[in-house]
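First residue of the first sequence? That's 1 in UniProt numbering, and the numbers climb one at a time after it. Here the structure comes first, spelled out in structure tokens, and everything after it is commentary.
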Amino acid sequence: MGRQPCCDKVGLKRGPWTIEEDHKLMNFILNNGIHCWRMVPKLAGLLRCGKSCRLRWINYLRPDLKRGVLSEAEEDQIIQLHARLGNRWSKIASHFPGRTDNEIKNHWHTRIKKRLKILGLDPVTHTLVKQKEKVEEKIEINPEPNSLKEQGETREKENEAKMGLDETIDLLHDYEELCGSLDVGLWLNQETTNSNSQSPSLSLKDSPNPMGESSSMKEDSIQKWVDSVDSMLSWDGFNQLEQELLFLENLQ
DNA sequence: AAATCTGCCAACCGCATGTTG
DNA sequence: ACAACATGCGGTTGGCAGATT
């Protein structure tokens, strides 16, 4: 026979995590580490399944998380990596210490996809779509204006479309500069082959990181964190959580 | 001021893969 | 070798906040 089930899901809490739950989970992990996620909620006194605890820790509570919006440089690197790796968010996230796959995935769907569309690029294949036709369609909205007002509106639309085109060309140029030296076409071909065969050649260990970050650097930073777990009990975020919890307790 | 729309993000769900007995 | 389970991953969704009508 195999192992025991992960969780029975009956009577388990779902939805947003409270400060108190965060505090319990973080306190438990900092004191005991992670050996088995199934046991974590039970031992930490949480009415959550292990999966939910794991997700909360990885995406929100981990002390090595980098907060704040992604920089333009990070965004550019995500585009490069996506061209190369596709939707393998965890692989992409591994190039950004302190960033989570969920964060990068969300950022991709909310920001980067739009940016690529403006560039006239297909976010999936990273290839050009017929941008010029789109602009011409926009100009053709009202081909024969009758009144002066309509003529003015038409001119406005034309200018808007032309400005959009100029902006797009600039952005496209940037994109070419960004990806040109990286031979996206070659990557795409490699990736098509590799994704079919699940080749390990794209793993962090084997492929050099274009930004010069290595998996050993990441491991090193994690090791530093592990080494300093004791002092973590006084780190800022944790203190803040503790204060918030005390505040809530005082309210009750 | 209220209603509606839009963007964002945390969290969930289900599947794939790895691990254990 | 196989079944049962744990873990990791990517897709999707629900709900909140701010913007717009």
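Glycine included, each C-beta is placed from N, C-alpha and C at the ideal position.
By a C-beta neighbour count over all protein chains shown, 10 Å radius and 16 as the cutoff for buried, is M217 buried or exposed? Only weak support exists for where M217 lies, its pLDDT of 45 falling under 50; the coordinates are left without a value.
6 Å CB neighbourhood of L116 in its chain, flanking five on each side removed: P123
So P41 packs on G33, CB below 8 Å; how close in whole Å? In fact, because the Cβ distance is near 15 Å, the residues do not count as touching under 8 Å.
Can you pull the DSSP bridge partners for L128? L121
Thinking C-beta only, is A93 closer than 7 Å to R84? no
Tell me whether E72 is buried or exposed, calling it buried when 16 or more other Cβ atoms sit within 10 Å of its Cβ. exposed
What is the C-beta distance between L25 and L46, in whole angstroms, given that I count them as a contact (C-beta under 8 Å)? 6 Å
Run the proximity test for I118: is its beta-carbon closer than 6 Å to any non-hydrogen atom belonging to the ligand HEM? In the structure shown, the ligand HEM is absent, as is every other ligand, since no ligand is present at all.
Given E75 as reference, the closest of P16, G15, H109 once Cα atoms are compared: H109
Please list the terminal residues of the continuous alpha helix (DSSP H) segment that includes N31. 19-32
Enclosing alpha helix (DSSP H) for N87 [first to last residue]: No alpha helix (DSSP H) holds N87; DSSP gives it neither H nor E.
Within 10 Å of its beta-carbon, does G11 have 16 or more other beta-carbons around it, so buried, or fewer, so exposed? exposed
Give every residue of the same chain whose Cβ lies closer than 6 Å to the Cβ of N59, excluding the five residues on either side of it in the sequence, and list them in chain order. T100, N102
Going by beta carbon distance, what residues of the same chain come within less than 6 Å of W17, once the five residues before and after it are set aside? R56
Give the range of the alpha helix (DSSP H) segment to which V69 is assigned. Element bounds for V69: n/a, residue is neither H nor E.
So what does DSSP say about C49, is it helix, strand or coil? coil
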